[in-house]
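Take a look at the structure below.
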Amino acid sequence: MSETRLAFRTCPLCEAGCGLEIAVQTSPLQVINKTESIGRIRGDMDDVFSHGFICPKGSTLKQLHEDPDRLRKPLIKRNGVHVEVEWDEAWAEVAGRLQDLIERHGRDAVAVYLGNPNAHSLSAMLYNRTLLQGLGTHNRFSASTVDQLPKQVAAGYMFGTGVHVAVPDLDRTDFLMILGANPYASNGSVCTAPDFPGRIEAIKTRGGTVVVVDPRFTRTAQEADTWLAIRPASDALFLMAVVNVLFAENLVKIQDRIAVLLNGLEDIRQACQRFTPEAVSDATGLDPQAIRQVARDMSAASSAAVYGRIGTTTTEFGTTASWLVDVVNTLTGNLDSVGGAMFAKPVLGGPTTRGTSGKGSGFRIGRGGGKTKVNGYPEVMG
Numbered sequence: 104m105s106e107t108r109l110a111f112r113t114c115p116l117c118e119a120g121c122g123l124e125i126a127v128q129t130s131p132l133q134v135i136n137k138t139e140s141i142g143r144i145r146g147d148m149d150d151v152f153s154h155g156f157i158c159p160k161g162s163t164l165k166q167l168h169e170d171p172d173r174l175r176k177p178l179i180k181r182n183g184v185h186v187e188v189e190w191d192e193a194w195a196e197v198a199g200r201l202q203d204l205i206e207r208h209g210r211d212a213v214a215v216y217l218g219n220p221n222a223h224s225l226s227a228m229l230y231n232r233t234l235l236q237g238l239g240t241h242n243r244f245s246a247s248t249v250d251q252l253p254k255q256v257a258a259g260y261m262f263g264t265g266v267h268v269a270v271p272d273l274d275r276t277d278f279l280m281i282l283g284a285n286p287y288a289s290n291g292s293v294c295t296a297p298d299f300p301g302r303i304e305a306i307k308t309r310g311g312t313v314v315v316v317d318p319r320f321t322r323t324a325q326e327a328d329t330w331l332a333i334r335p336a337s338d339a340l341f342l343m344a345v346v347n348v349l350f351a352e353n354l355v356k357i358q359d360r361i362a363v364l365l366n367g368l369e370d371i372r373q374a375c376q377r378f379t380p381e382a383v384s385d386a387t388g389l390d391p392q393a394i395r396q397v398a399r400d401m402s403a404a405s406s407a408a409v410y411g412r413i414g415t416t417t418t419e420f421g422t423t424a425s426w427l428v429d430v431v432n433t434l435t436g437n438l439d440s441v442g443g444a445m446f447a448k449p450v451l452g453g454p455t456t457r458g459t460s461g462k463g464s465g466f467r468i469g470r471g472g473g474k475t476k477v478n479g480y481p482e483v484m485g
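If you count the sequence shown from 1, you need to add 103 to reach the working numbering.
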């Protein structure tokens with residue numbers, strides 16, 4: 104008869120890091136063979152970070168774990184054939200050949216790639232920086248290149264560092280506009296919060312408003328007060344039109360403590376003049392009145408936040424859209440304000456815990472001088 108025990112782990116598939124409750128089964132034969140199998144995976148209701156949330160990917164980790172093609176031991180290629188080896192031998196092989204390679208060809212002969220799940224492993228976060236510094240290579244690559252780097256670029260130019268990203272104050276906001284995100288399916292990204300869907304529902308319960316701007320009628324859009332079915336990749340035009348309305352109807356209300364830090368406000372006003380709701384209507388597929396109403400409602404709300412994620416960054420004008428998210432938050436008086444888009448205070452090492460307050464020290468693209476091999480684009484946070 105099989106025995107079942109519960110194991111509790113953190114899902115390794117993305118930044119949400121949801122808690123998992125895994126039923127591990129052991130049959131009499133498996134006891135003899137010292138093997139186990141996974142019976143069921145579900146969200147851990149007691150996990151302080153996810154409160155039982157689990158996405159479809161996390162629930163299928165059993166198939167990934169038991170996939171016959173999954174690597175279970177290190178492989179070394181010898182005489183054209185991959186041979187299984189033990190970890191000690193694999194590490195020795197890497198150390199020996201890596202040192203020889205660097206001595207013969209220089210440190211840039213080594214390239215490093217970071218992506219899921221390594222980039223979201225807490226232990227790897229501690230070790231990766233030390234490894235990169237030890238290798239000394241300029242060839243550092245990441246999956247972020249094709250998804251979220253526009254947000255880092257926009258934040259860097261606006262706030263002085265690419266990791267200074269304002270996130271919505273979900274528990275105190277009265278108006279939340281979501282672009283390019285589906286937190287009912289993902290539990291949120293960058294602003295991951297325990298029971299993100301429940302927090303969205305709480306906004307509505309206390310009389311607030313939730314607006315979803317997305318080409319698809321997502322699970323999150325189904326729960327929103329308003330769904331704006333925008334055409335793909337036109338987020339920057341939509342946000343520029345919102346800025347246009349804020350200026351045209353005198354709805355701009357910047358906080359005094361933020362106003363003293365601003366540069367280029369008049370430049371933004373002039374830049375948005377031709378992007379009226381009517382001018383962008385065909386490109387965005389949105390009714391001009393709907394765009395105006397969003398701008399008015401956001402300005403009138405006692406607190407509000409615009410939250411844009413991967414859907415706003417993986418487009419031709421992703422950097423512009425990412426920047427405009429923070430511009431709208433600023434113009435409506437909601438940047439780093441209770442119920443608005445706020446900056447977190449990390450326990451250690453974050454940009455909000457170092458240095459003195461005031462204007463950022465500046466952010467340069469291509470600081471290290473590296474460029475991509477194909478198109479010659481400068482490095483970002485390299």
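Positions of the beta carbon are idealized from the N, C-alpha and C atoms, including for glycine. Quick caveat: nothing in here was measured; it's all calculated off a predicted structure.
Unbroken alpha helix (DSSP H) run spanning residue i, endpoints
i, result
"residue 433", "421-434"
"residue 180", "First-last for residue 180: 178-181, but that is the beta strand (DSSP E), not the alpha helix (DSSP H)."
"residue 346", "338-351"
"residue 360", "359-362"
"residue 161", "159-162"
Enclosing beta strand (DSSP E) for residue i [first to last residue]
i, result
"residue 333", "Looking at the DSSP string, residue 333 is not in any beta strand (DSSP E), and its letter there is neither H nor E."
Identified DSSP bridge partners for residue i
i, result
"residue 143", "126"
"residue 329", "314"
"residue 481", "474"
Secondary structure of residue i, DSSP reduced to three states
i, result
"residue 230", "helix"
"residue 110", "strand"
"residue 267", "coil"
"residue 168", "helix"
"residue 184", "strand"
"residue 438", "strand"
"residue 195", "helix"
"residue 444", "strand"
"residue 307", "helix"
"residue 322", "helix"
"residue 201", "helix"
"residue 152", "coil"
"residue 115", "coil"
Test: residue i CB closer than 8 Å to a CB of chain C
i, result
"residue 171", "Reference to chain C is not applicable here, since this structure consists of a single protein chain."
Given 8 Å, three or more beta-carbon pairs between the region 365-372 and the region 309-320: no
Counting only runs that start and end within the region 205-259, where is the alpha helix (DSSP H) found for 4 or more residues in a row? 225-238
Check whether the region 421-435 and the region 380-387 are in contact - that is, three or more C-beta pairs closer than 8 Å. no
Segments assigned alpha helix (DSSP H), at least 4 residues, entirely inside the region 269-303: 286-289
Pick out the complete beta strand (DSSP E) segments inside the region 366-424, 3 residues or longer, and give them in chain order. 408-411
Is there contact between the region 270-287 and the region 300-316, where contact requires at least three CB pairs shorter than 8 Å? yes
At least 3 beta-carbon pairs within less than 8 Å: the region 221-241 vs the region 259-276: no
Should the region 107-117 be called in touch with the region 216-230, which here means at least 3 C-beta pairs below 8 Å? yes
Three-pair Cβ contact test at 8 Å for the region 285-296 versus the region 329-337: no
Do the region 202-217 and the region 241-249 make contact, defined as three or more Cβ pairs closer than 8 Å? yes
Would you call the region 175-182 and the region 119-132 touching, i.e. three or more CB-CB distances under 8 Å? no
Looking at C-beta atoms only, is the number of pairs between the region 399-410 and the region 437-452 that lie closer than 8 Å three or more? yes
Taking 8 Å as the threshold, find out whether the region 418-426 comes into contact with the region 383-396 through three or more Cβ pairs. no
Below 8 Å, how does it come out for the region 150-161 and the region 184-201: are there three or more Cβ pairs, yes or no? no
Would you call the region 246-257 in contact with the region 140-147, where contact means no fewer than 3 C-beta pairs closer than 8 Å? no
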